[in-house]
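Visitor: Below you will find the structure I want to go over with you.
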Amino acid sequence: MKLVIQGKEYELREGISKATLGDLYVLKIKSGMGVKGIMEVFRGMEKAESHFDLIETEDGIQALRAMIFLCRRAAGEYLDFDEATDFPMSEMGFLVDDEEKSSADPKETPTDSAPDEGIPAEA
-14 MKLVIQGKEY ELREGISKAT LGDLYVLKIK SGMGVKGIME VFRGMEKAES
36 HFDLIETEDG IQALRAMIFL CRRAAGEYLD FDEATDFPMS EMGFLVDDEE
86 KSSADPKETP TDSAPDEGIP AEA
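In this text, residue positions in the sequence shown follow the numbering used here: the first is -14, and each later residue adds one.
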């Protein structure tokens, strides 16, 4: 999954994997969250209808701000926490890779059953 800010794409995984101890310290002080907390919030997004569900709670907003900060830092943008997240929401979105879409949508996953059977052959 990619985060898109003002037309620029950022890999979410890189944001976390390239984080320095300094980034993590700033993250904890500014957002109150660590990587584990961010990941828990984003896992909950898998069940969400839209990425706007993420900003319905304080933890969701802070996790999103934290990911934006980490992704931008990983991309070499040395902005402070508040600067990294200071842009209109209309200029942000998510891109889901084709691989993620097909594995996440069971309707698109082929089965061994014929269309009329309704029950997979493995059952």
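Built from N, CA and C at the ideal position, the CB exists for glycine as well. Since we're looking at a predicted model, the values are computed, not measured.
(1) Please classify residue 70: is it buried, with 16 or more other beta-carbons within 10 angstroms of its beta-carbon, or exposed?
(2) Which residue marks the beginning of the beta strand (DSSP E) containing residue -4, and which one marks its end?
(3) Does the distance from the C-beta atom of residue -10 to that of residue 77 stay below 7 Å?
(4) Distance, Cα to Cα, residue -14 vs residue 31?
(5) Can residue 1 and residue 20 be called in contact, C-beta distance under 7 Å?
(6) Specify the secondary structure class of residue 15 as computed by DSSP and reduced to three states.
Guide: So, from the data block:
(1) Translated into positions along the sequence shown, residue 70 becomes position 85. Per the 10 Å Cβ criterion, buried.
(2) Reading the sequence shown from its first residue, position 11 is the one you call residue -4. -7 to -4 is the span of the beta strand (DSSP E), which, as asked, contains residue -4.
(3) As a first step, residue -10 is located in the sequence shown; it is residue number 5 there, counting from the start. As a first step, residue 77 is located in the sequence shown; it is residue number 92 there, counting from the start. Taking C-beta atoms as the reference points, residue -10 and residue 77 count as a pair closer than 7 Å.
(4) Taking the first residue of the sequence shown as position 1, residue -14 is located at position 1. Taking the first residue of the sequence shown as position 1, residue 31 is located at position 46. Each residue's Cα considered, the two are about 11 Å apart.
(5) The sequence position of residue 1 within the sequence shown is 16, counting from 1. The sequence position of residue 20 within the sequence shown is 35, counting from 1. Cβ atoms of residue 1 and residue 20: closer than 7 Å.
(6) Stepping through the sequence shown from its first residue, residue 15 is reached at position 30. Note: residue 15 maps to helix in three-state DSSP.
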